[in-house]
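A.B. asks: Let me begin by handing over the structure; questions about it come next.
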């Protein structure tokens, strides 16, 4: 069996080493691959060139290195009939939960406001609000969204989540559909987006959604840059409708140096690092799925490409 790895060179080498340790019988090749395309059984990829995967006629499965699969769904020549598997593994989930907790507490405890005060050499207390008086709302209740939201229950926040289809989760007020979204937004003080990027969710963080949040609410986007209408966010921040935003993903990455997010006092940014796949732990999920398929068992975490997740 042979697996092709497509990511940057440094991470590709790390993946190859991790897989060699976890599954010595599996031959690994890093992209660009100059051998026989028919010899490749599996592909482990991040942002492969469009049409690249179609050139491997014997692919049994395509594994996404990241949790999102929009980098594959956008390929019009993705090979038909080959299952696409999203990355679900404990390290990725823990990393996202850590980041969301950090961002939510940053807004809850006004850390960005105090950072701005420091720049102005201004000493001013901001009245604290009890965690029990704030609702954190999660757009997207998949593996990452649910885990990140549940981790915030430790601090005493009210927890709510919205998803496309109905869900029932102990300790979380769950909403779905357009009517549910309105009710969900009206009570959400800190809004987190962890939706998959699909035609239905593109631009969901927009003027209309921001207007339905309580005045002074905060927005955290750790989904995809395509979820956010950037002009609408800037308008809501400048008007005071939103009190702050934490952004880890953007329409254009790296973010252009002249972009207003760089200098906006209410925006906290990171360079798409909310949760990074660590080869040493994530390779176990890939290996386990290959073993399942080779044993004639169904793969886990296969994407429904008609829905995009």
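Residue numbers (the numbering used here): 2 to 310.
The beta carbon of each residue, even a glycine, is placed where N, CA and C say it ideally should be.
What are the start and end residues of the beta strand (DSSP E) that includes residue 193?
C.D. replies: As a position in the chain shown, residue 193 is number 192, starting the count at 1. Residue 193 -> beta strand (DSSP E) spans 191-194.
A.B. asks: How big is the Cα-Cα spacing for residue 164 and residue 231?
C.D. replies: For the purposes of this step, residue 164 is taken as residue 163 along the chain shown, with counting starting at 1. For the purposes of this step, residue 231 is taken as residue 230 along the chain shown, with counting starting at 1. Cα-Cα distance, rounded: 23 Å.
A.B. asks: At a cut of 8 Å, does the region 66-77 reach the region 120-127 through at least three beta carbon pairs?
C.D. replies: No, the region 66-77 is not in contact with the region 120-127.
A.B. asks: Would you check if the region 290-305 and the region 53-68 touch, i.e. whether three or more CB-CB distances between them fall below 8 Å?
C.D. replies: Yes: the two stretches touch, three or more of their Cβ pairs being nearer than 8 Å.
A.B. asks: Terminal residues of the continuous alpha helix (DSSP H) containing residue 242?
C.D. replies: Here residue 242 corresponds to residue number 241 of the chain shown, with the count starting at 1. Run containing residue 242: none; DSSP gives neither H nor E here.
A.B. asks: Return the chain-ordered list of same chain residues with a C-beta closer than 6 Å to the C-beta of residue 269, the five sequence neighbours on each side being excluded.
C.D. replies: What you label residue 269 is simply residue 268 of the chain shown in a count that begins at 1. Closer than 6 Å at Cβ, skipping near neighbours: 113, 247.
A.B. asks: What did DSSP end up calling residue 210 once you bin it into helix, strand or coil?
C.D. replies: Mapped onto the chain shown, residue 210 falls at position 209. In this structure, residue 210 counts as helix in the three-state DSSP scheme.
A.B. asks: Hey, how far is the Cα of residue 76 from the Cα of residue 51?
C.D. replies: Taking the chain shown and counting its residues from 1, one reaches residue 76 at position 75. Taking the chain shown and counting its residues from 1, one reaches residue 51 at position 50. If you take the alpha carbons of residue 76 and residue 51, they lie about 5 Å apart.
A.B. asks: Could you tell me whether the Cβ atoms of residue 284 and residue 47 are closer together than 8 Å?
C.D. replies: Here the question's residue 284 lines up with position 283 in the chain shown. Here the question's residue 47 lines up with position 46 in the chain shown. Taking 8 Å as the Cβ cut-off, residue 284 and residue 47 do not qualify as a contacting pair.
A.B. asks: Residues bridged to residue 222 by DSSP?
C.D. replies: Here residue 222 corresponds to residue number 221 of the chain shown, with the count starting at 1. Residue 222 is bridged to 194, 248.
A.B. asks: Along the beta strand (DSSP E) that carries residue 163, what are the first and last residues, could you check?
C.D. replies: Mapped onto the chain shown, residue 163 falls at position 162. It spans 159-164 - the beta strand (DSSP E) in which residue 163 sits, taken as one unbroken run.
A.B. asks: Could you check which residue in 26, 2, 28, 32 has the C-alpha nearest to that of residue 12?
C.D. replies: Mapped onto the chain shown, residue 12 falls at position 11. Of the candidates 26, 2, 28, 32, the one whose C-alpha sits nearest the C-alpha of residue 12 is 32.
A.B. asks: Cβ of residue 87 versus every heavy atom of the ligand SAM: is any distance shorter than 7 Å?
C.D. replies: With respect to small molecules bound, the structure shown includes none, and the ligand SAM cannot be examined in it.
A.B. asks: For residue 7, which residues does DSSP report across the bridge?
C.D. replies: Along the chain shown, one-based indexing puts residue 7 at 6. DSSP, once it has assigned bridges, lists 46 as partnering residue 7.
A.B. asks: Note the first and the last residue of the continuous beta strand (DSSP E) segment covering residue 24.
C.D. replies: If you number the chain shown from 1, residue 24 lands on position 23. Run containing residue 24: none; DSSP gives neither H nor E here.
A.B. asks: In terms of alpha-carbon separation, which member of 294, 304, 308, 276 lies closest to residue 104?
C.D. replies: Here residue 104 corresponds to residue number 103 of the chain shown, with the count starting at 1. Nearest option by C-alpha distance: 276.
A.B. asks: Thinking C-beta only, is residue 272 closer than 8 Å to residue 255?
C.D. replies: Residue 255 sits at position 254 when you count from the first residue of the chain shown. Residue 272 sits at position 271 when you count from the first residue of the chain shown. Yes.
A.B. asks: If you draw a straight line from the alpha carbon of residue 30 to that of residue 4, how long is it in whole angstroms?
C.D. replies: Taking the chain shown and counting its residues from 1, the one referred to as residue 30 is at position 29. Taking the chain shown and counting its residues from 1, the one referred to as residue 4 is at position 3. Cα-Cα distance, rounded: 6 Å.
A.B. asks: Alpha carbons only, please: which of 41, 108, 138, 137 is nearest the one belonging to residue 129?
C.D. replies: The count along the chain shown starts at 1 and reaches residue 129 at position 128. Per the Cα distances, 108.
A.B. asks: Is residue 276 helix, strand or coil by DSSP?
C.D. replies: Taking the chain shown and counting its residues from 1, one reaches residue 276 at position 275. DSSP places residue 276 in coil when its eight states are reduced to three.
A.B. asks: Give me whichever residues DSSP pairs with residue 85 in a beta bridge.
C.D. replies: Indexing the chain shown from 1 puts residue 85 at position 84. BP columns for residue 85 point to 63.
A.B. asks: Per DSSP, which residues does residue 284 bridge with? Please list them.
C.D. replies: The residue labelled residue 284 in the question sits at position 283 within the chain shown. None; residue 284 has no bridge partner.
A.B. asks: Taking buried to mean at least 16 other C-beta atoms within 10 Å of its own C-beta, is residue 241 buried or exposed?
C.D. replies: The residue you call residue 241 lines up with position 240 of the chain shown. When all chains shown are included, residue 241 counts as exposed.
A.B. asks: With distances taken between CB atoms, is the gap from residue 233 to residue 216 smaller than 8 Å?
C.D. replies: What you label residue 233 is simply residue 232 of the chain shown in a count that begins at 1. What you label residue 216 is simply residue 215 of the chain shown in a count that begins at 1. No, the pair does not count as a contact, with Cβ atoms beyond the cut-off.
A.B. asks: May I ask which residues mark the beginning and end of the alpha helix (DSSP H) holding residue 79?
C.D. replies: Locating residue 79 in the chain shown gives position 78, where the first residue counts as 1. Segment: none, residue 79 is in no alpha helix (DSSP H) and carries neither H nor E.
A.B. asks: From the DSSP output, which residues share a beta bridge with residue 270?
C.D. replies: If you number the chain shown from 1, residue 270 lands on position 269. DSSP lists 248 as partners of residue 270.
A.B. asks: Following the continuous beta strand (DSSP E) through residue 129, name the residue where it begins and the one where it ends.
C.D. replies: Within the chain shown, numbered from 1, the residue matching residue 129 stands at position 128. Element bounds for residue 129: n/a, residue is neither H nor E.
A.B. asks: Relative to the C-alpha of residue 192, which residue among 144, 135, 306 is closest?
C.D. replies: For the purposes of this step, residue 192 is taken as residue 191 along the chain shown, with counting starting at 1. The candidate whose alpha carbon is nearest that of residue 192 is 135.
A.B. asks: Alpha carbon to alpha carbon, how far is residue 138 from residue 175?
C.D. replies: By one-based count along the chain shown, residue 138 stands at place 137. By one-based count along the chain shown, residue 175 stands at place 174. Their backbone Cα atoms lie some 9 Å apart in a straight line.
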